[in-house]
């Protein structure tokens with residue numbers, strides 16, 4: 037419906053911002069803030085958006101809310117940038133119906149994390165292969181590799197095999213930690229073995245973005261609340277200026293590191309977005325992290341220090 | 037609507053069977069088998085039913101399907117026995133809406149497992165306390181203590197504190213493993229400290245049912261595919277015949293142990309229910325365990341051995 | 037020194053009992069009970085012994101104590117049966133020195149569990165391959181596959197690759213749970229792919245011994261405190277009498293299931309061995325499980341029931 | 037023997053550097069580098085040292101090596117600063133003997149991490165309480181709270197109870213992540229409830245050192261390979277100059293974040309110490325992380341950038 041007629045593919049690059057899902061102070065979905073936040077991201081120059089990921093609190097939405105967030109975002113973006121939709125779910129049937137709904141609305145592709153309790157390479161491969169077959173070759177897939185939350189470890193050989201076997205696997209959200217060698221191995225083995233080179237966008241808030249760009253990343257897929265920095269850093273790397281890129285990155289690193297804290301990081305991110313005027317409330321659905329007075333003061337101090345550094 | 041006008045409470049005892057959720061071979065919900073399975077359980081003499089638990093594949097249902105299973109089961113049971121409804125969910129809002137729907141349909145209470153990633157006693161207590169306050173004192177709660185799957189460990193002191201602080205906490209589905217000392221501690225501390233004595237129904241397929249009855253359990257809440265044995269064992273314990281009870285239990289123990297296997301246990305259970313004519317298909321939603329030829333033959337051999345033992 | 041000149045190999049079969057390590061009531065090593073327990077095991081007809089495994093509390097021994105247990109056991113066994121020695125350790129150097137010491141004393145081979153935090157197939161393979169190369173082709177290795185304790189999952193393909201690459205990998209202590217399909221897969225893939233058929237001895241107290249023998253196991257490597265049952269069951273399977281074997285097994289199943297409880301199972305096992313006169317004290321080194329009055333009474337009741345069943 | 041006659045206590049503050057354990061390229065202990073590294077740390081102005089912790093590869097040393105590292109370090113320090121010795125072990129008997137040996141050599145106290153598989157508050161408390169009683173009131177204890185590695189979560193209430201019950205619990209190595217609220221809670225509850233205020237030194241490489249100092253930390257106990265920065269930051273905080281402290285900290289933050297990577301972080305740390313001339317080899321005992329050419333180049337680039345920033 038609102039597609040820009042483009043799908044994600046192996047050439048996708050730049051910053052795909054992981055969008056927060058805004059709620060009102062009473063926990064209800066805040067669709068007006070969906071508009072405002074979308075505008076905020078677009079103004080900061082993101083190359084794409086990823087909605088309904090883990091940081092989008094997708095598991096805490098009802099199906100109706102999921103649909104509402106999708107529709108509102110697609111309408112507001114209106115084809116300006118490609119949108120990837122998170123479709124991870126305990127049931128493959130649900131993954132398929134979510135993916136169909138997303139693609140019908142104009143999604144550029146879907147992001148898929150593995151279900152829990154996959155242990156061996158074979159189990160991880162089989163999970164993804166089953167879903168890839170179910171979705172078919174026309175729905176581009178971004179593999180979400182985030183073992184810190186899923187508990188599932190996806191080895192380089194599994195990623196390689198999926199790339200070899202399924203043309204729709206075009207992107208990796210690289211979020212293993214530590215994961216830099218993994219990134220280099222994927223690039224090296226693709227090069228040496230004549231394998232298709234997929235798009236790799238890095239997560240973890242971008243904590244290692246400069247190092248990862250130097251190792252062959254194509255950009256970032258993360259939700260750091262100052263996406264303009266990520267955009268500029270990627271642009272400087274594209275312009276062949278890695279040191280300028282890293283100088284800029286380092287100015288934001290203290291705050292980025294602060295937001296990196298698992299769990300409470302989401303509350304911090306939403307609070308920054310709220311303070312920056314991008315959403316009307318920093319509410320996180322329960323059970324979820326809450327900021328106390330110390331957290332607020334600490335965050336304010338770090339934001340002030342950043343502003344002074346940028347001045 | 038279909039209530040027998042009774043709620044679970046501290047006196048609840050006997051076998052509350054964990055109901056499987058039947059699907060057709062294509063994965064669609066099989067509501068006719070919901071009827072058939074309900075009849076099967078009632079014929080076996082269960083004291084109650086628990087629907088939409090983990091073994092009921094609740095996380096793999098859509099909201100519409102969840103409602104359909106509830107309605108069909110309540111209608112078929114028609115007040116014959118109390119029904120507990122599993123309402124565990126990542127979002128407290130969802131827990132509340134599921135619980136309201138269940139109670140409106142005539143549920144006797146709700147079963148609640150903790151969300152993931154609760155680590156300390158305080159975190160576990162706070163999770164349950166928040167939800168208990170949200171649901172209010174009129175909805176009886178069965179705590180589901182199943183760390184093997186949830187990863188959350190609920191200590192005796194947390195259970196005691198919840199019992200002290202929330203009158204609606206009336207039942208424990210005891211499924212920690214090993215967990216027998218925990219059961220004894222709860223009983224002993226209630227007795228010594230004048231605490232309210234709640235109902236404790238044991239899980240894990242009933243693998244330690246005789247030992248747990250001797251330690252003060254009030255029955256079983258589990259889905260072993262021969263619920264008639266669980267019913268008879270509990271009745272024999274009630275009649276003061278623990279050795280006869282255990283003799284009977286031991287006849288079924290080889291098969292019970294077989295079904296105890298995590299993961300594939302659900303597929304085995306559904307296959308037995310299918311072979312016993314209680315459901316039309318043994319289908320488990322994907323991703324999920326599948327039986328192969330060896331598994332089928334092995335199960336058949338064990339079922340034959342059981343039948344010979346009973347003859 | 038005390039070797040029976042035989043090493044474990046692909047043909048090894050029967051019951052290799054996992055030996056407890058006896059302590060006095062004050063926690064000191066009890067070498068006289070090492071003798072007594074060794075005699076007990078030999079009298080029960082075990083085909084081999086495995087010392088210094090996890091259930092042997094090996095991580096709680098000093099190096100001097102480790103050496104003392106080895107020497108005493110080898111001397112007492114005096115070549116009567118092969119002895120496998122557990123050599124798992126955080127440091128490969130230590131694995132090597134332990135293995136050398138064991139082989140010099142006359143060990144038939146070593147048992148090796150992986151270190152913690154190995155996640156992917158590649159990591160697990162590389163760990164074992166590195167150690168196998170370090171130990172060299174002359175030291176037979178039994179892979180200990182016990183993810184419930186180690187947290188490491190070893191897939192069938194990793195086991196196959198190790199068998200293909202290292203002739204000294206001759207045995208698998210099969211203890212994954214549920215793990216029966218794994219056992220069948222190893223056998224099937226060896227047969228279909230012309231791979232060397234290694235010895236597979238099952239663990240988990242023998243909870244699924246009859247099923248596992250039917251799936252191709254060669255025996256058991258476990259520490260159930262009534263090893264004579266395991267010995268007879270294996271003999272009956274060898275004699276082509278699987279139903280008689282399982283009938284006998286089932287008589288012990290209630291107690292075997294009781295001992296299966298992780299953690300407290302070791303205390304129960306030692307208490308049974310103590311009651312049977314095989315060791316002078318049931319002491320388990322701290323921190324470790326302790327039996328209380330309820331546990332003692334419950335165990336006594338189950339032992340009495342077993343004796344009545346056998347009478 | 038080499039004591040400075042001082043024990044750690046509630047007033048201990050500043051930087052207690054977690055000392056690496058140096059090996060030669062063949063994996064043998066490198067005692068000459070123990071001297072060199074000790075000198076390096078002392079020259080950088082550390083307030084104390086902590087040896088034989090996890091980052092000191094203590095689990096990979098033999099008892100003889102453990103003793104050798106202790107003796108060499110104590111001799112070289114010669115009372116210049118207090119030394120805390122890590123004594124964590126699977127067996128309480130071993131903890132006691134290690135602690136006795138350390139104190140006899142002049143240690144200022146011992147550091148103790150919990151054994152694995154402690155789940156509830158009661159289990160964690162009981163573990164520490166048992167060991168504290170075993171060691172007695174004369175051996176000061178530093179609690180090591182590092183759930184990312186131990187898997188054990190120690191709640192604020194458990195820490196408080198240990199402080200209340202055992203006067204020898206004088207220090208917390210604060211390394212939970214995210215853990216800043218925990219730090220604030222400990223301080224606040226001590227203040228509000230009149231509890232003894234213990235020393236809190238922070239870990240995780242110091243990734244949040246400025247924030248933690250503002251929340252009431254007394255310093256750092258970590259092994260960042262530029263300990264002079266940690267020393268100066270703590271001094272600036274003591275001098276009431278938090279902004280200057282954080283400005284300095286931020287210069288090192290890119291490299292500190294780099295070293296923060298679990299697993300490979302130890303190899304990076306040793307490589308930096310090697311490049312800085314503090315140890316003769318960066319060898320890490322196997323199995324352990326190895327740096328490849330990319331890692332070396334990346335590290336060199338980051339070190340060069342740091343040097344330019346400091347110039």
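Chains as they are written, first to last, in my numbering: chain A, 37 to 347; chain B, 37 to 347; chain C, 37 to 347; chain D, 37 to 347. Even glycine gets a Cβ: it sits at the ideal position worked out from N, Cα and C.
CB contact below 9 Å: residue i versus chain D
i, result
"residue 326 of chain C", "no"
"residue 128 of chain C", "yes"
"residue 331 of chain A", "yes"
Where residue i falls, given that 16 or more other Cβ within 10 Å makes a residue buried
i, result
"residue 204 of chain D", "buried"
"residue 191 of chain D", "buried"
"residue 298 of chain C", "exposed"
"residue 173 of chain B", "exposed"
"residue 100 of chain A", "exposed"
"residue 312 of chain A", "exposed"
"residue 218 of chain B", "buried"
"residue 276 of chain C", "exposed"
"residue 66 of chain D", "buried"
"residue 47 of chain D", "exposed"
Test item: CB-CB of residue i and residue j under 9 Å
i, j, result
"residue 146 of chain D", "residue 171 of chain D", "yes"
"residue 336 of chain D", "residue 241 of chain D", "no"
"residue 109 of chain D", "residue 74 of chain D", "yes"
"residue 157 of chain B", "residue 157 of chain D", "yes"
"residue 286 of chain C", "residue 231 of chain C", "no"
"residue 164 of chain B", "residue 198 of chain B", "yes"
"residue 95 of chain C", "residue 345 of chain D", "no"
"residue 152 of chain D", "residue 43 of chain D", "no"
"residue 55 of chain A", "residue 92 of chain A", "yes"
"residue 86 of chain A", "residue 53 of chain A", "yes"
Pairwise C-alpha distance: residue j and residue i
i, j, result
"residue 208 of chain A", "residue 283 of chain D", "36 Å"
"residue 229 of chain A", "residue 201 of chain A", "14 Å"
"residue 81 of chain A", "residue 57 of chain A", "19 Å"
"residue 329 of chain C", "residue 120 of chain B", "35 Å"
"residue 245 of chain A", "residue 256 of chain A", "7 Å"
"residue 138 of chain B", "residue 106 of chain B", "7 Å"
"residue 280 of chain C", "residue 252 of chain B", "36 Å"
"residue 118 of chain B", "residue 49 of chain B", "11 Å"
"residue 84 of chain A", "residue 150 of chain A", "23 Å"
"residue 37 of chain A", "residue 140 of chain A", "Legend: pLDDT at residue 37 of chain A = 49, less than 50; position of this residue unreliable, no value from coordinates given."
"residue 136 of chain D", "residue 176 of chain D", "12 Å"
"residue 327 of chain C", "residue 289 of chain B", "25 Å"
Interface flag, residue i vs chain B, CB-CB below 9 Å
i, result
"residue 184 of chain D", "no"
"residue 273 of chain C", "no"
"residue 323 of chain C", "no"
Proximity test, Cβ basis, 9 Å: residue i and chain A
i, result
"residue 95 of chain B", "yes"
*Return the chain-ordered ranges of every beta strand (DSSP E) run that is complete within the stretch 205-247 of chain B and spans a minimum of 3 residues.*
The qualifying runs are 205-210 and 235-238.
*chain F contacts from the stretch 146-159 of chain C (Cβ-Cβ distance under 9 Å)*: As a matter of chain content, chain F is missing from the structure shown, whose protein chains are A, B, C and D.
*At 4 residues or longer, and completely inside the stretch 56-119 of chain C: list those alpha helix (DSSP H) runs for me, N to C.*
Runs of the alpha helix (DSSP H) inside the stretch 56-119 of chain C: 67-79 and 99-113.
*At what residue ranges does the stretch 258-307 of chain A contain a whole run of the alpha helix (DSSP H), taking only runs of 4 or more?*
Runs found: 263-274 and 278-295.
_Unbroken stretches of the alpha helix (DSSP H), 4 residues or longer, contained in the stretch 130-155 of chain D_ = You should have found no qualifying run.
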